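These notes concern the structure reproduced below.
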Amino acid sequence: MHKKVLVIGSGSIANKHIKILKKNNYKVFVYSKNKNFKNITSKVSLLKNFDFLPKVDFAVIANETYKHLEFIKILAKKKINIYCEKPLYHKKINFNILRNLIKKNKIIFFTGYQLLQDTKIKYLKNFLKKNKVKSYIVKVGHDFEKWRLKRPSKKNYFTSVSKGGGVIFELVHEINLIQNLFGDISSIKSYKSNSLKFKCEDTAVSIIKNKEIIGLLYQDMFSKIFFRNITIVTIKKDLVELDFIGNFIKINRRLIKFKESNQQLNLIEKNLKMMNSKIRNKDFSMKYFDDSVKDLTVCLKMHLSKHT
1228 MHKKVLVIGS GSIANKHIKI LKKNNYKVFV YSKNKNFKNI TSKVSLLKNF
1278 DFLPKVDFAV IANETYKHLE FIKILAKKKI NIYCEKPLYH KKINFNILRN
1328 LIKKNKIIFF TGYQLLQDTK IKYLKNFLKK NKVKSYIVKV GHDFEKWRLK
1378 RPSKKNYFTS VSKGGGVIFE LVHEINLIQN LFGDISSIKS YKSNSLKFKC
1428 EDTAVSIIKN KEIIGLLYQD MFSKIFFRNI TIVTIKKDLV ELDFIGNFIK
1478 INRRLIKFKE SNQQLNLIEK NLKMMNSKIR NKDFSMKYFD DSVKDLTVCL
1528 KMHLSKHT
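If you read the sequence shown in the numbering used here, its first letter stands for residue 1228, the second for the next number, and so on.
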């Protein structure tokens, strides 16, 4: 019997999840108000009315960020397991009320932070268990003019901070990685610049403290090249470089190449398998929800950051 999943959304991220789900023989239902929606993989069951949901194993929330909260509440009340794409939301609310609802109704909650499944990150985490960090630099650059199915314009939510777009929300992966690798961010001061073309925050440089560790984060939403890397200096003066694009880690002069593909579709597939594992094991841990709230709290501090 096919497992069933509901996907909310019809953009590029939703389509990538649909593609993987279909590959793994799921029966996929899609809810989208996009009348021109044509799935890029194969036929799916389109839902026109959200009041009459089929019984599904879980739902993937992959629509616009500013709509996440609405659907988390609906799904939690209907006792449907939730896989939510990042970021969780874009505004400060009383998340304890939402947390209590999810916990009370025994909802399995998972967040789509795919980079946590990357084999290089897992290797680095094991290395850092034995080596104390002194400082780090995290850099990421995307070209969102090519990344999205819809070409960026002033009307797109991902170019509007008020709708959960802009560089800080769109590249929240790095905040999640920093807190997973180096501990909770205790303070952050961000400098931002605005895109003249899209009228949104397109570049952010942040100085960070994770207790005794000092870090630097560079995020660029409209770079003409794609890069994503982490540089670490340990207390023992080791220099560690992780490069996602080159698929390697370098520790001083020792180069470690990774053969496994860690492209986005592969990482999404790993995440979906983890979601299945959580359902199978009835893992009602709130860790992913709590981590998502922590990441959002940091993002909001970055937006409010004042400097001279």
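Here a beta-carbon is modelled for each residue, glycine too, at the ideal position from N, C-alpha and C.
These numbers were taken from a predicted model, which means no experiment stands behind them.
For residue i versus residue j, is the C-beta spacing smaller than 7 Å?
i, j, result
"threonine 1461", "valine 1360", "yes"
"leucine 1342", "histidine 1400", "yes"
"leucine 1302", "isoleucine 1309", "yes"
"glutamine 1446", "leucine 1398", "yes"
"aspartate 1306", "asparagine 1327", "Inspection of the sequence shows that residue 1306 is occupied by lysine rather than by aspartate. No; because the gap between Cβ atoms is not below 7 Å, this pair is not in contact."
"glycine 1393", "serine 1450", "no"
Where residue i and residue j are concerned, what is the direct C-alpha to C-alpha distance, given to the nearest angstrom?
i, j, result
"lysine 1486", "asparagine 1474", "8 Å"
"lysine 1249", "tyrosine 1384", "27 Å"
"serine 1237", "tyrosine 1418", "33 Å"
"glutamine 1352", "phenylalanine 1279", "The identity of residue 1352 in the sequence shown is lysine, whereas the question assumes glutamine. Rounded to the nearest angstrom, the two C-alpha atoms are 44 Å apart."
"tyrosine 1350", "isoleucine 1472", "16 Å"
"histidine 1244", "valine 1234", "8 Å"
"isoleucine 1240", "lysine 1246", "10 Å"
"threonine 1535", "isoleucine 1329", "The predicted position of threonine 1535 is uncertain, since its pLDDT is 47 and thus under 50; no value can be drawn from it."
Of all the options the options, which has the alpha carbon lying nearest to the alpha carbon of residue i?
i, options, result
"isoleucine 1457", "Ser1450, Leu1466, Phe1449", "Leu1466"
"isoleucine 1495", "Thr1338, Leu1444, Lys1509, Cys1427", "Thr1338"
"isoleucine 1441", "Lys1416, Arg1455, Met1448, Leu1523", "Lys1416"
"asparagine 1479", "Gln1490, Ile1459, Asn1489, Asn1498", "Ile1459"
"histidine 1317", "Ile1240, Ile1395, Ile1405", "Ile1395"
"leucine 1499", "Asn1276, Glu1312, Tyr1258, Asn1290", "Glu1312"
"asparagine 1321", "His1530, Leu1531, Val1520, Cys1526", "Val1520"
"tyrosine 1253", "Val1271, Asn1261, Ser1259", "Val1271"
How far does the beta strand (DSSP E) with residue i in it reach, from first residue to last?
i, result
"leucine 1233", "1231-1235"
"threonine 1430", "1428-1437"
Does any residue of chain D have a CB that is nearer than 7 Å to the CB of residue i?
i, result
"isoleucine 1348", "Looking for chain D here will not work: only one protein chain is present."
If you follow the alpha helix (DSSP H) that residue i is in, where does it begin and where does it stop?
i, result
"threonine 1524", "1514-1531"
"glutamate 1496", "1491-1507"
Any idea which residues DSSP pairs residue i with across the strands?
i, result
"threonine 1461", "Val1360"
"valine 1367", "Gln1446, Arg1455"
"alanine 1286", "Leu1233, Ile1309"
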